[in-house]
Amino acid sequence: MVIKLQNHIRELRKSIKLSQEELAKRCKVSRQTINAIENDKYDPTLQLAFDIASVLNTTVDELFVSQPKKK
Numbered sequence: 001m002v003i004k005l006q007n008h009i010r011e012l013r014k015s016i017k018l019s020q021e022e023l024a025k026r027c028k029v030s031r032q033t034i035n036a037i038e039n040d041k042y043d044p045t046l047q048l049a050f051d052i053a054s055v056l057n058t059t060v061d062e063l064f065v066s067q068p069k070k071k
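Laid out in structure tokens, this is it:
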């Protein structure tokens, strides 16, 4: 069974009224990187996941929810 991680970064970011640009700035990455992560086109490094969680005042566990991937 393959497990796919679905991220909740966009909804958490929007809940605190933070733009992609501001989140990127605080995490020292580009807005394009944040956009790619939110759109499931890029998997963040563990360090970046911790940085994002810190800015969003949550844990890495809360950023990602595992779900079985359909084949």
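Numbering (full-length UniProt numbering), first residue to last: 1 to 71. For each residue, glycine too, the CB sits at the ideal point set by N, CA and C. Note that the coordinates shown come from a computational prediction; the quantities given were computed from them, not determined experimentally.
- Look at the UniProt domain "HTH cro/C1-type" (9-63) and you find no whole run of beta strand (DSSP E) that is 3 residues long or longer.
- Burial check for glutamine 20: the Cβ neighbour count within 10 Å reaches 16 or more, so the residue is buried.
- Taking C-beta separations shorter than 7 Å and ignoring five residues to either side along the sequence, the partners of alanine 24 in its chain run Ser30, Arg31, Thr33, Ile34, following chain order.
- Taking C-alpha positions only, glutamate 38 is separated from glutamate 22 by approximately 14 Å.
- In this structure, Val55 is the residue among Val55, Val65, Phe64, Asp61 with its C-alpha nearest to the C-alpha of leucine 18.
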